[in-house]
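Student: Shown below is the structure under consideration.
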Amino acid sequence: MKKKLVVLSGAGVSAESGINTFRDAGGLWEGHDVMEVASSEGFRKNPALVLDFYNKRRKQLHEVHPNKAHTLIAQLEDVFDVTVITQNVDDLHERAGSNNVIHLHGELLKARCTQNENTIIRWTADITLGTLHPTTQQQLRPHIVWFGEAVPAITKAMQIVKQADYIIVIGTSMQVYPAAGLIDYAKPNAPIYYIDPNPAQLPHLSNPVEVFPLKGSEGMKIVVENLIKINEL
Ligand code: APR
């Protein structure tokens with residue numbers, strides 16, 4: 001039986017692929033206030049701006065590729081039973097070969113009707129005001145969890161974290177809840193490896209914690225070597 005490993009990833013894991021993180025640019029994301037483009041209130045105030053913002057992010061997926069950190073995470077599946085729980089809305093973990101990915105904050109390549117959150121469909125084209133959901137014929141919106149909205153995948157994510165033998169936290173400022181609270185559910189003896197060039201202060205945990213203040217690709221290389229050694233003992 002393979003040991004269970006959970007990877008909790010944030011925007012930083014995709015930084016080396018050329019996707020800007022949220023908070024590194026001082027609260028601006030691609031020139032916008034995060035709350036303007038990533039909140040339900042922002043969408044109510046200026047839906048055209050928000051739709052356009054996500055159209056650009058969706059288009060950007062054609063120009064970017066998984067980096068070494070994504071690939072190393074995918075390769076861990078050779079040795080461990082891996083689940084990636086990501087705050088990211090890009091599809092780079094999947095493209096690198098990860099098979100179990102939970103997207104806490106939605107996915108750029110999915111859309112849903114503004115009136116009913118259970119109408120999720122795969123969607124690769126632009127969404128503008130007037131683009132309707134093919135079934136409900138209501139305005140379509142990106143399948144993104146904005147500030148002010150519930151995070152439906154969190155319950156499943158908590159269950160998975162509770163069972164993990166090892167946890168890797170990579171590329172997140174640990175500022176956004178409930179995602180940042182997931183490590184509180186770790187088994188007390190499960191080692192936690194935190195990779196981030198500018199790591200946040202983690203909450204007090206009884207777990208063994210190792211922090212690697214490195215870029216995702218560099219940190220993952222070391223953590224993978226360590227984990228494989230430990231697993232062979
Ligand atoms: N490798 C690894 N980590 C990196 C790299 C890199 N090359 N470059 C930057 N980072 C780190 C930063 O130091 C920072 O701690 O990535 C982290 C990115 O933090 P945020 O921008 O806050 O991203 P994240 O934690 O994923 O944000 C959470 O906030 O706006 C919402 O819904 C959005 O999912 C997002 C959530």
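Under UniProt numbering, the sequence shown has 86 at position 86, and the numbering climbs by one with no breaks.
Glycine included, C-beta positions come from ideal geometry on N, C-alpha and C.
#1: Rounded C-beta distance between Val-145 and His-105? I'm assuming under 8 Å.
#2: Using only the heavy atoms of ligand 1, determine whether one of them is closer than 7 Å to the beta carbon of Asp-196.
#3: Can you tell which of His-32, His-93 and Gln-163 has the C-alpha that lies nearest to the C-alpha of Val-13?
#4: Starting from the Cα of Glu-77, find the closest Cα among Gly-148, Pro-208, Val-176 and Asn-100 and give me that residue.
#5: Let's see if you can read the secondary structure: which residues bound the alpha helix (DSSP H) around Thr-71?
#6: State whether the stretch 189–202 contacts the stretch 164–173, with contact taken as three or more CB pairs (one from each stretch) at a distance under 8 Å.
#7: Distance check for Thr-21 and Ser-9, CA to CA, integer angstroms please.
#8: Applying the 10 Å Cβ sphere with the 16-neighbour rule, what's the burial state of Leu-44?
#9: What do you reckon, is the C-beta of residue 234 under 7 Å from a heavy atom of ligand 1?
#10: If I follow the unbroken alpha helix (DSSP H) through Ser-217, where does it start and stop?
#11: Identify, in the order they occur along the chain, each residue of the same chain with its Cβ nearer than 8 Å to the Cβ of Ala-186, setting aside the five sequence neighbours on each side.
#12: Is Gln-201 near ligand 1, in the sense that its beta carbon is under 7 Å from a heavy atom of that ligand?
#13: Report yes if the C-beta of Phe-53 is less than 7 Å from at least one heavy atom of ligand 3; otherwise report no.
Tutor: Quick look at the numbers:
#1: Here residue 145 is taken as the residue at index 145 of the sequence shown, counted from 1. Here residue 105 is taken as the residue at index 105 of the sequence shown, counted from 1. Going by Cβ atoms, the distance from Val-145 to His-105 rounds to 4 Å, so yes, they are a contact pair.
#2: Mapped onto the sequence shown, residue 196 falls at position 196. For ligand 1, at least one heavy atom lies less than 7 Å from the Cβ of Asp-196.
#3: On the sequence shown, residue 13 is found 13 positions in, with the first residue counted as 1. Residue His-93 is the option with its Cα nearest to Val-13.
#4: In the sequence shown, counting from the first residue as 1, residue 77 sits at position 77. Checked all of Gly-148, Pro-208, Val-176 and Asn-100; the closest Cα to Glu-77 is Asn-100.
#5: Locating residue 71 in the sequence shown gives position 71, counting from the first residue. First-last of the alpha helix (DSSP H) with Thr-71: 68–75.
#6: When C-beta atoms of the stretch 189–202 are compared with those of the stretch 164–173, three or more pairs fall below 8 Å, so the two segments count as touching.
#7: The sequence position of residue 9 within the sequence shown is 9, counting from 1. The sequence position of residue 21 within the sequence shown is 21, counting from 1. Straight-line spacing of the CA atoms in Ser-9 and Thr-21 works out to 12 Å.
#8: The sequence position of residue 44 within the sequence shown is 44, counting from 1. Position check: residue 44 holds Arg in this sequence, whereas Leu was assumed. With fewer than 16 Cβ atoms within 10 Å of its Cβ, Arg-44 is classed as exposed.
#9: In this structure the chain extends from 1 to 233, so residue 234 is not present and cannot be described.
#10: By 1-based counting over the sequence shown, the position of residue 217 is 217. Per DSSP, Ser-217 belongs to the alpha helix (DSSP H) from 216–232.
#11: Within the sequence shown, residue 186 is the residue found at index 186, counting from 1. Cβ neighbours of Ala-186 beyond the five flanking positions: Val-161, Lys-162, Ala-164, Ile-167, Ile-192, Leu-205 and Asn-207.
#12: As a working note, residue 201 is residue 201 in the sequence shown. Remark: the C-beta of Gln-201 is outside contact range of ligand 1, defined as less than 7 Å to any heavy atom.
#13: Absence of ligand 3 from the depicted structure is noted, with ligand 1 being the only ligands included.
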